[in-house]
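First comes the structure, then the notes that go with it.
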Amino acid sequence: MGKLIRVASFFVLSVFLLSMITIKPAEVKSVGYAKAAPAEKMAVTPAGYDDIGDILTQLNFNADVIQESDLSDLAKLKQYEVVYINCSAGLDNYVTTAASVLNQYVKEGGVIYASDYANYLIQTAFPGKINFYGQGSDTTGSSARIGSAGKVTAKIVDSGLASILGKTSAEVNFDLGSWAVIDSAGSGTKVHVTGPVSIYDSGTGGYSQEYMDELSKLDYSNPKAIEDFYAKYQSGTSSSSSSTQEKPYVVSFSEGEGEVLYTSFHNEAQKTTDMEKLVNWFAVRTRASKLARATGALVSGDDVVLQEVVDTINQGGEKSYTFNATGEADFKVILNFGGSAIDISVTDSKGSSVAEQSVTTPPYTKEVDAKEGKYTIKLKGTEIPSANYPFVLTISGAQAAAADPIYESTSTSSDTGTTLEQGIKDKIISFLKKVALYAGIGFLGIIVLIVLIIVLVKRSHRKKNQTQPPATPPAQPPTTPPVAK
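Just so we're aligned: the sequence shown equals residues 4 to 488 in my numbering.
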């Protein structure tokens with residue numbers, strides 16, 4: 004009997020411990036320099052010529068819509084960690100009131116994404132960070148808006164971004180002319196993408212008033228309207244483009260505790276496949292800005308950042324990146340993310356394992372005794388809290404440690420859940436797993452309860468039998484001796 008009770012008790016204890024291990028959420032730890040996690044509170048201005056909000060929705064990033072006038076309200080902006088500012092000619096109306104507010108917001112740790120016609124607002128808020136075309140003699144920002152329409156081949160000069168794309172070039176389509184041209188990057192400003200710029204000059208200082216009027220009324224949700232507009236003005240812009248020069252397309256810079264990312268191209272109606280990947284990266288890089296800064300703070304001494312990859316991963320997804328080492332100096336691998344669990348493995352050029360770890364308490368760092376050749380770094384999302392979860396992978400060390408980079412197509416990486424639909428699917432699967440878990444625990448609990456009841460009933464029955472007095476045998480009738488005959 005005692006043995007059965009011990010077995011039942013063991014079952015109850017096992018079920019309890021199983022539920023604790025499975026249900027308890029993973030702890031999230033930060034590195035202490037800045038909030039070492041992707042931003043959760045985000046805002047976006049209404050769609051204009053750009054619609055970065057649509058990209059955020061596709062990535063399953065939740066952002067509140069604020070008005071352009073809210074850019075002048077510091078208290079409003081400080082409710083958010085990141086503010087995405089769409090391209091809109093209406094932004095010029097708020098330069099006087101919003102520029103100083105945006106400057107203070109970023110200095111105090113805010114992060115901004117801005118595109119194209121936000122140029123005048125950005126150059127006023129952060130003087131010297133981006134030098135726009137013709138801005139020296141311009142008080143309205145319009146002199147920079149002279150880019151010509153057409154498809155171009157851009158150069159990816161950010162090695163981390165090139166690692167994500169798997170190449171150093173990208174096809175970019177400017178649906179419309181009159182986009183803001185960056186002349187040069189200011190001191191401390193990082194250039195991510197460059198490309199040829201055909202500068203439109205009609206001989207009278209820019210586009211005609213008719214062109215600008217039609218441009219302001221263009222319906223960007225109607226691809227046919229865009230095509231017709233482009234066809235109408237194509238001959239004029241083509242014959243009037245005076246020169247082609249290599250200029251920055253995408254730049255970023257720090258100001259105080261925050262950061263700004265600015266791009267001349269954006270979420271166009273007729274964007275190329277490369278542009279789609281780049282625009283997605285804009286959204287991810289901005290959201291992960293503080294995480295990237297926290298990771299960069301881990302690079303100490305004379306070391307520098309040799310390669311910074313800001314990307315996303317999903318539950319069960321796999322990503323692969325390469326680093327080409329000279330072997331002349333060692334390097335360090337740093338993996339940082341908000342929490343949960345990501346598996347990392349590092350192999351050298353011969354396929355030998357250098358490191359393998361399931362990271363549950365980021366940041367993870369690994370000193371590599373470098374040899375010449377290509378190192379492969381693979382990641383797998385083993386416990387990811389949401390779809391398209393950002394992470395930062397940084398390679399640091401002496402500049403002599405890095406050889407010319409080798410970029411491989413990312414098609415070999417498998418990563419599911421890159422859309423809103425997949426995010427919903429992940430949540431449904433997670434819910435069903437929890438239901439199955441609770442159902443299983445409940446079923447085991449019922450079995451254990453039944454076993455206990457049976458044991459207790461049998462035990463009670465035996466005790467009852469033991470306490471009853473022994474039954475008195477029935478009296479035997481007296482025996483009569485036989486009578487002799």
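All residues carry an ideal CB built from backbone N, CA and C; glycine is no exception.
In the same chain as Glu359, and ignoring 5 residues on each side of it, the C-beta atoms closer than 7 Å to its own belong to Ser348, in chain order. Per DSSP, the beta-bridge partners of Leu396 are Val312, Leu338. The residues Ser75, Leu77, in chain order, have a CB closer than 6 Å to that of Val104 in the same chain once the five nearest residues on each side in sequence are set aside.
If you check the CB distance, Val175 and Ala188 do not come in under 9 Å.
Judged by their CB atoms, Tyr410 and Leu179 are not nearer to each other than the 9 Å cut-off.
Taking all protein chains in view, the Cβ of Tyr441 is surrounded by fewer than 16 other Cβ atoms within 10 Å, so the residue is classified as exposed. Segment contact: the segment 360-374 against the segment 334-344, three or more CB-CB distances shorter than 8 Å; contact assigned.
For Val282, the enclosing alpha helix (DSSP H) has its first and last residue at 276-290.
Rounded to whole angstroms, the gap between the alpha carbons of Glu249 and Glu386 is 43 Å. Counted as a single uninterrupted DSSP element, the beta strand (DSSP E) harbouring Gln360 occupies residues 356-362.
The segment 51-87 contains, as complete alpha helix (DSSP H) runs of 4+ residues, the segments 55-61, 77-80 (chain order). Rounded to whole angstroms, Ala66 and Pro393 show a C-alpha spacing of 16 Å. Spatial neighbours of Gly198 in its own chain (CB-CB distance under 8 Å, excluding positions within 5 residues in sequence) are listed in chain order as Val155, Thr156, Ala157, Lys158, Val175, Glu249, Lys250, Tyr252. When the alpha-carbon of Asp351 is set against those of Gly330, Asp305, Ala101, the nearest one is in Gly330. Ala404 sits close to Phe334, with the two beta carbons spaced by under 9 Å. DSSP assignment within the segment 91-134 yields the following whole beta strand (DSSP E) runs of 3 residues or more, N-terminal first: 114-118. Gln248 is bridged by DSSP to Val200. Taken atom to atom, the span from the alpha-carbon of Thr143 to that of Ala332 is near 50 Å. Rounded to the nearest angstrom, the gap between the Cα atoms of Tyr367 and Ala228 is 51 Å. For Gly163, the uninterrupted alpha helix (DSSP H) run begins and ends at 162-168, by DSSP.
In the DSSP assignment, the residues bridged to Gly376 are Ala328.
Around Pro388, the same chain offers Gly341, Gly342, Ser343 as residues with beta carbons nearer than 8 Å, after the five sequence neighbours per side are excluded. Linking Asn283 to Ala183 through their CA atoms gives a straight-line distance of about 21 Å. Three or more pairs of CB atoms, one per stretch, sit closer than 8 Å, so the segment 78-91 contacts the segment 41-54. Here Ile185 is bridged, per DSSP, to Phe135.
Asp346: member of the beta strand (DSSP E) spanning 344-350, first to last residue. Ala401 sits in coil when the DSSP states are folded into three classes, being neither helix nor strand. Judged by DSSP secondary structure, Ser172 falls within the beta strand (DSSP E) whose first and last residues are 172-177. Taking C-alpha positions only, Asn134 is separated from Thr266 by approximately 13 Å. Sorting Tyr52, Ile185, Gly163 by C-alpha distance to the C-alpha of Lys132 places Ile185 at the top. Nearest to Asn106 by alpha-carbon distance, out of Asn96, Tyr120, Ile125, is Ile125.
When C-alpha distances from Ser181 are compared across Ala173, Arg148, Ser162, the shortest belongs to Arg148. Taking 8 Å as the upper bound for CB-CB distance, Glu71 and Tyr108 are not in contact here, some 15 Å apart. Inter-residue distance for Ser292 and Glu262 is about 7 Å (C-alpha atoms, whole angstroms).
By the Cβ-count criterion, Gln402 is exposed, with fewer than 16 other Cβ atoms from all chains shown falling within 10 Å of its own Cβ.
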